[in-house]
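Numbering of the sequence shown is given in my numbering, commencing with residue 609 and proceeding in unit increments.
C-beta: ideal position from N, C-alpha, C; glycine also.
Inspection log for the structure reproduced underneath, given as structure tokens.
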Amino acid sequence: MKKFWIALAALALSAAAASAQDYNAAIDSFNAGAQALEVNKVEALAQFRSALAQFEACQEEEAAEMIAKCKEIIPSTLLSIAKEQINDADYDAALITLDQTAVTAKEYGAEAVAADAAELVTNTYLRKGSSLLKEKDFAGAAAALQEVVGREPGNGQAQLLLGQALLQDGKLEDATLALESANALGKTQALKLLSNAYLKQGQSLLKAGKLDECVASLEKSNSYIPSANAFKLMASAFTKGNKSAQAIDAYKKYLEVDPNAKDAPDILFTIAATAQKAGDKATAIEYYEKLAGNAKYGAQAAAQLKSLK
């Protein structure tokens with residue numbers, strides 16, 4: 609019986625010694641992680657994870673405290689790695705790391721780190737979208753920026769950049785929604801982008817002979833920011849459609865918006881001639897009289913006035 613108790617005691621001592629060795633090995637891993645933090649966070653993370661697994665296998669009371677420390681440090685280290693990846697513009701890798709950070713932080717009860725990771729995801733998509741927009745990867749930029757507005761519909765900068773990306777990708781209707789949202793959120797430069805976009809569409813439709821659609825686009829352009837060019841193109845569309853009164857109206861608005869236009873005399877003469885042809889004698893006389901003394905049109909205007917009076 610005495611031999612049995614001696615053997616049991618020896619076994620207990622052996623187990624205690626082995627457990628102590630395991631604890632010391634875990635401490636070594638933890639310290640290695642702490643030393644690596646400043647130079648190689650990925651290596652530090654691996655060491656902390658190894659230390660956590662080792663501490664969890666230990667029986668020492670002190671192991672519980674070290675387990676808690678590991679579970680505090682690991683999510684923070686993951687977040688630091690993600691920040692470095694963002695600064696290096698490695699956005700896809702950063703998004704993967706941030707996802708790992710959020711999962712790990714929630715598992716370990718690090719709610720503040722989880723919240724920081726969620727905020728950084730939005731910021732990372734915004735940076736990625738902005739970068740891809742500069743690289744002219746418009747579809748990729750739009751996809752990234754959609755992620756931002758999906759999380760933060762009130763992010764005016766994201767809405768503005770999304771609108772720009774969609775415009776460049778030829779998706780005017782979707783771009784309009786984003787840019788109108790951006791304007792409502794204080795990014796008033798969106799109005800100029802919208803006005804120019806519909807002006808360009810109007811030009812294309814005019815060349816294609818789609819006159820009614822052209823006028824609709826130009827009217828939409830002017831609903832954002834009225835422009836002389838839009839009214840001039842509208843006048844051309846009305847003229848091609850044999851709508852003299854509307855053409856004259858559009859030309860008048862062109863001159864109201866830009867009274868000092870270089871081609872103002874040409875427009876005045878066009879209004880007068882169009883009105884004369886349409887039988888609008890009063891308007892024809894009014895606009896021919898505006899050309900009195902004009903070097904280019906003065907003589908023609910005077911001759912037409914004689915025939916009209």
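Check: Cβ neighbour criterion (16 or more within 10 Å) applied to E897; Outcome: exposed
Check: Burial state of T709, where buried means 16 or more other Cβ atoms lie within 10 Å; Outcome: buried
Check: Beta-carbon separation (whole angstroms), A644 vs A652, contact threshold 8 Å; Outcome: 4 Å
Check: Rounded separation between K679 and A726 - CA only; Outcome: 19 Å
Check: Span separating the alpha-carbon of E821 from that of L801; Outcome: 20 Å
Check: Cβ-Cβ distance between A697 and S739 below 8 Å; Outcome: yes
Check: Rounded distance between the beta-carbons of A886 and S852, thought under 8 Å; Outcome: 4 Å
Check: Neighbourhood of L686 by C-beta distance below 7 Å, restricted to the same chain and skipping five residues each side; Outcome: L653, T705, Q708, T709 and T712
Check: Inside the segment 824-862 only - alpha helix (DSSP H) runs reaching at least 4 residues; Outcome: 836-848
Check: Contact under 8 Å by Cβ, A798 with G778; Outcome: no
Check: With 16 other Cβ atoms within 10 Å as the buried cut-off, status of A909; Outcome: buried
Check: Where L561 sits in the DSSP three-state scheme; Outcome: Past the boundaries of the shown model lies residue 561; the chain is included only from 609 to 917, so the question cannot be answered.
Check: Through-space distance from G758 to N695, alpha-carbon basis; Outcome: 23 Å
Check: L774 and A766 closer than 8 Å at C-beta; Outcome: no
Check: A880 versus I856: straight-line alpha-carbon distance, rounded; Outcome: 9 Å
Check: For Q693 and A838, the rounded distance between their alpha carbons; Outcome: 47 Å
Check: DSSP-derived helix/strand/coil call for P873; Outcome: helix
Check: Three-way DSSP call (helix, strand, coil) for A890 in this model; Outcome: helix
Check: Environment of E664 [buried if 16+ CB atoms lie within 10 Å]; Outcome: exposed
Check: Reference L876, options K904, G849 and N850, closest by Cα; Outcome: K904
Check: Beta-carbon proximity list for G794, same chain, < 7 Å, skipping 5 on both sides; Outcome: G764
Check: Buried/exposed call for Q667, threshold 16 Cβ in 10 Å; Outcome: exposed
Check: Reduced DSSP category for V647 - H, G, I as helix; E, B as strand; rest coil; Outcome: coil
Check: Distance between beta carbons of M842 and A928, contact taken as under 8 Å; Outcome: In this structure the chain extends from 609 to 917, so residue 928 is not present and cannot be described.
Check: Closest by C-alpha distance to M674, when choosing among K691, Q655, A634 and Y699; Outcome: A634
Check: Proximity below 8 Å, CB of Q884 to CB of A892; Outcome: yes
Check: Unbroken alpha helix (DSSP H) run spanning L793, endpoints; Outcome: Premise fails: L793 is in no alpha helix (DSSP H) and is neither H nor E.
Check: For A750 and L769, the rounded distance between their alpha carbons; Outcome: 8 Å
Check: A702 to L734 span [Cα, whole Å]; Outcome: 13 Å
Check: Buried or exposed by the 16-neighbour rule on C-beta atoms within 10 Å, applied to T882; Outcome: buried
Check: From S831, V721 and A907, residue whose alpha carbon lies closest to that of Y806; Outcome: S831
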